[in-house]
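Residue numbering for the sequence shown follows the numbering used here, starting at 41 and increasing by one per position. First comes the structure, then the notes that go with it.
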Amino acid sequence: METNKKQIALNALLIAGMIGFAVVARIAPHPANFAPIAALGMMGGYIFASRKWGLSIVMVAMLISDLLIGIESMELRLAVYGGLMMSVFAGGMLRNRDNKSFFTGVPVASLGSSIAFFAISNLAVFAFSGMYAHSFSGLALCYINAIPFFWNTLAGDLIYSGVLLGAVRMVQIYSNRETVVSAA
C-alpha cells in the first residue's frame, strides 16, 4: 500500500513537472512553433500506460499557457489541441520496441506528429480564420504560407523528442526497467 502511494506521488510530480516545463517553454521567447508540447505529449504517451495522462499533459499545458498568452479563436485552439494530441498516440506506438527500433522510431513518430499537427491546424486556419478564400486555391495558399512554420514545428519536435525520449530510454536501459512509470 505504501509503495502505491509513493508511486502515485511520483507520477503526480512527474506530470506537474512536465506541464510546468511545457508552460514555461511556451511562454518564454522562442521561434514560432518551436516548442516542446508535442514532444512532451509523445513522452506522456510513451511512459504512461494510460493515454489519459499524456493527453492531460498536453491539454493542461496548453490551457494554462493559452490563458497567459491569450486565445485568438476557440475553433483554432480546438484544432491546435487536437493536432497536438496526435503526439500522445505517436508516443504510445514507441512502447515495447527494442532499442534499435525505438531510436529509429522517435524521429519517424516526430515527423508523423508534426505532419498531423500541420494538416489539422492549417485546415482550421483555412476554415475559420477568414484569411483565405474558401476554394481549392485558398486552401493551397494556406498550406503554402504555413510551410515556414512547419519547419520550426518539425525542428522543435525532433530536437525535444530526441532529447526527452532519449533520456527516458537511457534511464530504462541503465536501470534495466521496462517502464519508467506505472499505470496510476
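Just so you know, even glycine gets a beta-carbon here, dropped at the ideal spot from N, CA and C. Just so you know, these numbers come straight off a predicted model, no measurement behind them.
For residue j and residue i, the rounded distance between their alpha carbons
i           : j           : result
residue 106 : residue 201 : 22 Å
residue 138 : residue 145 : 10 Å
residue 59  : residue 174 : 37 Å
residue 91  : residue 190 : 26 Å
residue 64  : residue 100 : 13 Å
residue 132 : residue 125 : 11 Å
residue 71  : residue 188 : 11 Å
residue 75  : residue 122 : 16 Å
residue 46  : residue 183 : 48 Å
residue 203 : residue 176 : 39 Å
residue 213 : residue 115 : 42 Å
residue 181 : residue 104 : 32 Å
residue 136 : residue 89  : 11 Å
Residue environment, residue i, which counts as buried when at least 16 other CB atoms sit within 10 Å
i           : result
residue 130 : buried
residue 53  : exposed
residue 102 : buried
residue 77  : buried
residue 108 : exposed
residue 68  : exposed
residue 48  : exposed
9 Å Cβ cutoff met for residue i and residue j
i           : j           : result
residue 86  : residue 208 : yes
residue 127 : residue 156 : yes
residue 79  : residue 152 : no
residue 206 : residue 143 : yes
residue 98  : residue 84  : yes
residue 119 : residue 163 : yes
residue 169 : residue 215 : no
residue 93  : residue 44  : no
residue 82  : residue 161 : no
residue 192 : residue 73  : yes
residue 28  : residue 198 : The chain is shown from 41 up to 224; residue 28 falls before or after that span and cannot be answered.
Residue i - DSSP class collapsed to helix/strand/coil
i           : result
residue 178 : helix
residue 44  : helix
residue 113 : coil
residue 61  : helix
residue 96  : helix
residue 201 : helix
residue 73  : coil
residue 51  : helix
residue 90  : coil
Residue i: CB within 8 Å of a non-hydrogen atom of the ligand GTP
i           : result
residue 139 : Judged by which ligands are present, the structure shown has none, so any question about the ligand GTP falls away.
**Message:** Please give the ranges of any alpha helix (DSSP H) in the segment 130–199, keeping only runs that are unbroken, at least 4 residues long and fully inside the region.
**Reply:** 139–168
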